[in-house]
Structures are given as structure tokens and as C-alpha cells.
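Shown next, in C-alpha cells, is the structure this report addresses.
Numbering (my numbering), first residue to last: 257 to 1282.
Following this line, the structure appears as C-alpha cells:
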């Protein structure tokens, strides 16, 4: 979407040293009708765009303020249409200089502002046809005598100097004469005329055509002067700017908290400002907004894809900017993109060497091993012969080859503490890159002039005070601790990359001389997503519907047979992209004699049960693709005459081994065609009402072609050729039955989809059935459904069919009326239940800070605890048989944050040469699906010993290596680790002596039994059933 255009005052304050900041403008242009430029040639091969006296028609320019130089015959003329076409979507440097009223300009800063004009595909809601973005690099430079004035300096900040666009020859002629600026404009001209004869091209450049196009562009920003005798208004008003300091030496910054709900499929965030007035948190919050760095005229303020792609950000021609003398101008601090921008990059990737990203770094959080394939920059929108290694400053100087922050690499670790040369970042480290980019965007947003203008106190800088991350209820605490570490590294790397921390030690434990400025935010990884969804419901009911009286709400909600009317039990099923979780919590009112029936009482939570399964929204999508989408593709292949459609589908979108190029094309075929078709089907199904008759508003059957559903340009030429080539090689007489991928017809039969949800057609049904069984045991007062998949009619119908509660006590949070306090509300209702986790975490934070009026919730009672009660080996279906349980009835320590494994001769994991998958479950029932946790295997030295091992007991027994485990004690580390395990002792029944170095214990929470790379279907593109 397009960003909201802010109407600024005459002077816009920018916060110093906050990186790149953007200011957006909207224009209405008709390129063919816009007045072209006539130009006079000055000395030193410089052009000036002539002005026109509209009363007498004479042309002139101003060599000095209020002095007119008439020109009878122009040296050159250039139409506006060709100028706008040439410079469309191109960053160009602009002359935004220090202004000394009324008419004087300093010679600089010369390299701190750039402009980009974009013609919109369709006009915006106000009818504007173009968007203009001006970017400022707000970092200041030291003032040195005899050096060029390239960027604002600290003296400019302290004295409140203003900077203004300079457009006349005497103001900016010297800027146009800079070698790097000339070369920039000449390069753009060459790139814009690839078919032109080389000699003719160079003649145009000598004739100063590039300058003419550039001056035409700048003329759109021109404010008419009296000598023009015109009533014409400027196309756009560009205000002056000034820099304000970011620290407390000038004005005390406003504290901001960032709440993030990072999911396997989507992520959303909220920013909360804390102004001086009480209870401002609910009034001064806004949704995290991502700016697209490939198309910076676009921003995204909805929950966004969790996909991450390596991609360099350029604000024009960096190789020429360096020639100005400023080597790091407009350097974006991170090397990865997220959200819709990452999805677009992934689907348009051209290269085949290495990998460029992941569908979800959270899914691979466990994998800290070296990624042997290596990582490359996605060059989908960059003209490059091959994709370069994914290393670029400043990160390339701050991380090692596994993607770990160098300051975090302990000197006694095996990891290399040298800066990365070839990137083999672990897949776990991609969470650091993702969080770094989200953090960089948040830091830019809180201090952007538009956001400060909307929130008030535009002259006051903002400072990030804390970061709150929500987690799935069933996430192992070892994995939760890794998430905490990744967030800390992301903060440390951003602070180093922005120059806010100059030390070499851990910035969270700096020596006093190297203290970060601004201070580092506090990081909290405490509250689970399902409980946060419950808090949204509690707060809304009590404060919006019961006027702040929890006792009245509890009495109303409690079941009729319940004796304790001051206690309720809420259950939540939270269906995300990667996990489906259940939380059951008791809430009681804690009052005393003085409170009586007052609303001034505490609500105290007590979790009764929580668990989760790794089957969720992405698995629903895969089921839908396999069951309802691929049938159309298979039928099209059959009708075309393909001898074995099933075999061809296995090659094109199955799990067969392919060349590197074909692997990329298979992934793109899925990303460009089949996943969008599956999502399209689910979007239709979300709005399907099985109780209503078919109508225009409620269609039951939709028939269309791939092209009609996805658009003409959904599939790239390479992807189409990947499919068409395979068909041509199989079908001898293809001309008789022509085949076109995008013209394949498909029918969405929504009643059939609904039937699949209610039957066995969608795998999540088994998971929901197990959770309903637990809910029934706890006599809950209300069941809440959260997460985007909870919108699906089949999910809601299945749960009502299972009857864990009376149907009236099952509440989907979709369309739940919250009122306007809810940051993501649509007409006062929740449109996307994904957002409940982030909003609930915001409420938890405000309660913890005692900043939520008339609602007193005891957040400190929400303590994380380990769900590992039975640990053992699991099979390929993630089932742990009773005989495979190694550690039973595992207990937690006194504070509930660390497990204690029993130590006896029976508690040993047996390894018989292969890989053992270790998992856990909470319930002592074989049918309760276990969650994968570790893999245990012999190292190369262990395998050599095992091959030579001999059992000398005379009974013919096979060699067995027995491994004892214990809980890792990492009290000295930052973060919470309570169920991370390590090998404590190794023995065997053989003549060989095995040691701990012969065993590799690797965290691995992937649900499938496939080892090695363990690529998820969204990363591999393998969507066909085996």
C-alpha cells in the first residue's frame, strides 16, 4: 500500500543519527501535457532551465537573486514525458543545502539527500498519479577544515540550522559540476537508452541531455517567482528541514516499546509510545510498518510474511557516491529483507548457486550447524551476471561465517571469531538477520517525521526502551532461549552497524567507556501467544462491556453449576502457521475486606494446562494444494497427452533429485503458482457460509483459469518454460493440443472443501480432536479461537462438532467486537485473529508497567515452564511407544524453570548405529503425539569404532552404545535455558571404549523424519504427495 502523505509545516524536524529517513509526497502529472524544458548553456558545460514571463512570453533565468538574464534562443529543449520516463523509479542526488535566509546557500551538504519519482500503475485514492520519495541520511559528520561539506555536522544540529532545496544556477551550479553527480546522470542516461547507437549516445551526453532531463525533474519542485508573472502553483511543496539531537542533552526522548509476534508464517508488531500522561499506552500505539526498500513508495502495515531473503539495499549508484568522499552514505544497516518484499524477491530469483533465503527462520531456529550450500544475495531486481555472496558492510565486519555476532563468540568456543569471508550462516542465524531488519525498520519508523507528526511532539526524538517477543505455548525452553539470543544479537549488531556502540565486548555487558548510546532496549521473551489472546478477551469484556467490573463479568460468564463465581476457566486454541497450541487458564479475583464489591481488584491467572503440535496453517495450505489444486494441473497434463502425468508431476513438483537450476525453478513454480492458488482457495473459503444458499455474495463453486485468478504476470517466463519444456519433451505432437500453464482451468468447490475439513481430508482434524478431549476434562467456561486459520468455517464447524463445550461457549475471535482501542481493528472488530497475540502482549506489558487504567492483571504469575514430562525415542510418525520412553515423569525444580532428569542405570538412550530421534510428550499416553526435540547419532569417529566393535557376551547380541543425558547448566549466560540437554556419559556392550566425542546430540524440532537439510515444502517447492 501507499504511505499516508503528511502535510508538514514549513520546516520538518529530522532526528539526527537515526539512519535513513523518508519523506513522502504525492503529485498529479500528465506527462504528455506537462511543459517541457528549454535550456541555456552556461560556462563549464552547465545547463540552466529557462523560466517564462507569462505576460510577454520572454524566457530568462536568474544568475543572482532578483536579477533577470533574458535568453532569446535556447540551446536545447527537452519534453517532460521523456524525462519522467527516463528517471522513473531512479534514485538521484538532489541539492538540499544549508540555508542562510533570505537568499544565501552554503556549498553543501552535498551527499545526504536523494529523490525518487514513481508513476503509479493506478492513481491513489486522492487521484494522484505519482509518488515522490525524498530520503535523507541523517548521520552527521565531523566538521574538518579543508574537507568537502558532505553531510550535516554536529554544529548544524546544535545550532538548529535549516536546510532547503536549492534550484537556481547561483544556488546549485557548483553541485551540478561535481564529477560524481555528472557521472551519475550520464550512467542513468546510458541505462535508459540500451538500443541507441553508441556514438549517438555519447553525442547526446556531450550535448548535456542527461542534465536537461535532471533539471526537468527538479522543475517539478520549483516554486514560481514574481518575475514569471504567473498564477501557477508548484506541483509539490517541499518544506525545509532541520536536525534535532537524538539524545537527552536537548530534549528528553519519548520511550517506545516494541511488541513482536514472530510466527512461522506471518509476523506482526506494535509500537507503544509512553508520553507523560497516565494511561497513554492504549492511546499512543501504532502498528509496525515496513517500508519496501526495492519500491520505497510502498509500505506494509498488516501482519507480514515471516520469509527472509538476502538482498542488498541501494539508494542509487553507491560506487559513484563513494567518489564524493563519503564512503558510507545511505548505507542500510542490514543485509536481509522480510515480509512481502522478501516473498516477491524469492519468487523472482534468477540465480542457482547456494540459497538466498528461507520461508521461515523460526522453523529452523534449532539448526545452529554450518550451512554447507552457502548464501547468496537475491539479485532479482539488480542487473548482475551472477548472485554475489551474501556479505556486505556493515554486517560483514560484525559476524563470522556461521552468522554469529563476533562479540558473542566466546574465545574458548570452536567457532571462528574472524569476520565472514564465505557465508555459511546457520539456518538458526537467519532469525538474527530477520529480527535485525524488523528492528531497523522499527527504529526508522519511531523517529520518522511522519510518525512523530501523527503522534504529536514532533520535535521530540523517540528512544526504543524494550522489545517484547511472544512465543508459542509449547515452544521448548531451549528453543525459547535461542530466540532470546537471536534477538540480543540482532540488537547488538544494529547498534554496532549504526555506530551507536563502538566496543568489542558484548554490548549488553559493556565496559563503562564503551556504553551504547542510545542505551540498549530491554528484551523480554515471557508471554505466550494463546494467553495473550485470552487477555484481549478479558480486557475487552471487563472494560468495554462491564464498565471495569471483573466480578460482574466473572459471575455472568461462569457456568450455571459453578459454585465459585469469582473464578473462570478459559481455554484457547491458537492456530498459527507452524503450531497449533492449547492453553487452559484459571482466572480468579483477588480481593480483600477493603475492596468489597469494588472494581479495584486484581485478576490473578493460573495456567492449568498447555501443549502444542507442529501441525497448523501451513499444513492446511499444503493439504489444500495437494487435494484441490494439483488435480487441475494433473488433468491438464492428461488432456494434453502426457504419458504419465503422475511421473511428470513428481519431477516438476515432487521430491526427486534435480539440478540446482531445476530446484530453483521447482521452488518458484510453487511460490508463483500453486501456493498462491491454495491461498486464493482459502480466501474464498474464509468467506463461505455453509448454512446459506448459494448466491452472488456466497458462491459455492468458482471456476476460472490460473491467469484469471493470479493475473497475467504471476508466473515468470522461466517458470512457464520449465513446465512447457517438460510437456514438449513428453508429448510428440504438442501442436495438436497446445498447452499453456496459465490457461489451465480450475474449479473451487467450497462445499467439498468444507466436507474435507469435517472428515479426514485435512490432517489438522486429528490434532483438534485431541485438544478437544483435553478441554472437555477441564470444564472450561469459554473456548477462544485465535490465529488466522481459525477464520476457516471448517475449523469452527469441526470444533462445534466435537462439542468440548456448548456451541455458545466457543468464540472465534474473528469479528469479535473490541472497540476502537484495538490497534488492528476494522470498524471496531478483529478482522485478523493473528493480531491477538501481539495486542495481548501489549496489554501484558501495560499491566506490568501499571499503565492500564481500571484493569489490574497479575502478569508476574504467568511463568514459563518446561513441558517435558516423558522423554524418549520417537518413530517417523512422532509417536513414542511406552517401551521407547527413557525418562519418565520428569520433574521441574522448585521454581519450575529447569527440569531434573532422573539418574539411574535404566535411563540410557540406546544407539545402534543409526540416527535416533528424541522427543517428548506431556501426557503418559502413547496416542498423544510427541514433539521432536533432538537427534542423536554417532560421529565419524564413533562410526569407525562401531563398525569394528565386537560383543563378547557369547549370546550373539548386537553392539549397542548407551548414552546418558543431563540438563545443561548455563546460569552464566543471558537468557533462560532449562531443558537443553547434553551428553554426560557414554558406554557400550562392546570391546571398544566410546567417549562423548563419539556422539553428536543435535537440537532438531522439525516434525518430519527427514534428516540432512530437512527442507520444508515452502523452501523446497515439493508439494506433491509421495
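From the three backbone atoms N, C-alpha and C, an ideal C-beta is built for every residue, glycine too. In this text the structure is predicted, and so the values were computed from the model without any measurement.
Based on the DSSP secondary-structure assignment, which residues constitute the bridge partners of residue i?
i, result
"residue 751", "BP columns for residue 751 are empty, so no partner."
"residue 1166", "1218"
"residue 661", "655"
"residue 1085", "1073 and 1082"
"residue 409", "397"
"residue 727", "784"
"residue 1067", "1040"
"residue 556", "546"
"residue 272", "Residue 272 pairs with nothing; no bridge assigned."
"residue 277", "392"
"residue 960", "1002"
"residue 368", "Residue 368 pairs with nothing; no bridge assigned."
"residue 355", "361"
"residue 317", "325"
Is the distance from the Cβ of residue i to the Cβ of residue j below 8 Å?
i, j, result
"residue 1301", "residue 441", "Because the chain spans 257 through 1282 in this model, residue 1301 falls outside it and cannot be assessed."
"residue 512", "residue 721", "yes"
"residue 1219", "residue 1165", "yes"
"residue 227", "residue 830", "Limits of the chain in this structure are 257 at one end and 1282 at the other, which puts residue 227 out of reach."
"residue 537", "residue 1107", "yes"
"residue 724", "residue 621", "no"
"residue 859", "residue 845", "yes"
"residue 417", "residue 498", "yes"
"residue 583", "residue 627", "no"
"residue 1034", "residue 796", "no"
"residue 1113", "residue 1198", "no"
"residue 607", "residue 643", "yes"
From residue i to residue j, what does the alpha carbon distance come to, in whole angstroms?
i, j, result
"residue 767", "residue 779", "20 Å"
"residue 481", "residue 573", "33 Å"
"residue 1285", "residue 1054", "No statement about residue 1285 is possible, as the shown extent of the chain runs from 257 to 1282 and does not include it."
"residue 434", "residue 940", "57 Å"
"residue 1048", "residue 942", "5 Å"
"residue 580", "residue 548", "27 Å"
"residue 619", "residue 1068", "26 Å"
"residue 1284", "residue 1256", "Outside the displayed span of the chain (257 to 1282) sits residue 1284, for which this structure offers no information."
"residue 432", "residue 467", "8 Å"
"residue 1252", "residue 684", "24 Å"
"residue 1134", "residue 282", "56 Å"
"residue 438", "residue 424", "17 Å"
"residue 1230", "residue 965", "The predicted model places residue 1230 with a pLDDT of 47, which falls under 50 and marks its position as unreliable; any figure quoted below should be read in that light. Near 49 Å, if we compare the C-alpha coordinates of residue 965 and residue 1230."
"residue 311", "residue 1083", "53 Å"
"residue 1254", "residue 1196", "7 Å"
"residue 546", "residue 455", "44 Å"
"residue 1266", "residue 649", "Unreliable positioning characterises residue 1266 in this predicted model, as indicated by a pLDDT of 47, which lies under 50. A coordinate reading is not provided."
"residue 1043", "residue 1094", "11 Å"
"residue 427", "residue 625", "57 Å"
"residue 383", "residue 352", "28 Å"
Closest to residue i by CA distance: which of the options is it?
i, options, result
"residue 473", "1040, 417, 372 and 718", "372"
"residue 707", "520, 1089, 1043 and 269", "269"
"residue 450", "359, 342 and 398", "342"
"residue 1119", "1138, 1148, 1144 and 1191", "1148"
"residue 820", "801, 842 and 799", "842"
"residue 363", "405, 345, 333 and 650", "405"
"residue 555", "501, 665, 712 and 258", "258"
"residue 385", "1043, 553 and 277", "553"
"residue 350", "1204, 1215 and 365", "365"
"residue 1027", "871, 977, 429 and 996", "871"
"residue 718", "905, 446 and 528", "528"
"residue 267", "500, 1005 and 1188", "500"
"residue 1160", "1173, 1170 and 1144", "1144"
"residue 936", "763, 963, 702 and 921", "963"
Quick check for students: name the residue ranges of the beta strand (DSSP E) that lie wholly in the region 755-823, counting only runs of 3 or more.
Fully enclosed beta strand (DSSP E) runs of no fewer than 3 residues occupy 778-780 of the region 755-823, in order along the chain.
Segments assigned beta strand (DSSP E), at least 3 residues, entirely inside the region 843-910
The qualifying runs are 858-869.
In chain order, which alpha helix (DSSP H) runs of at least 4 residues are fully inside the region 672-732?
Listed in chain order, the complete alpha helix (DSSP H) runs (minimum 4 residues) inside the region 672-732 are 686-702 and 705-711.
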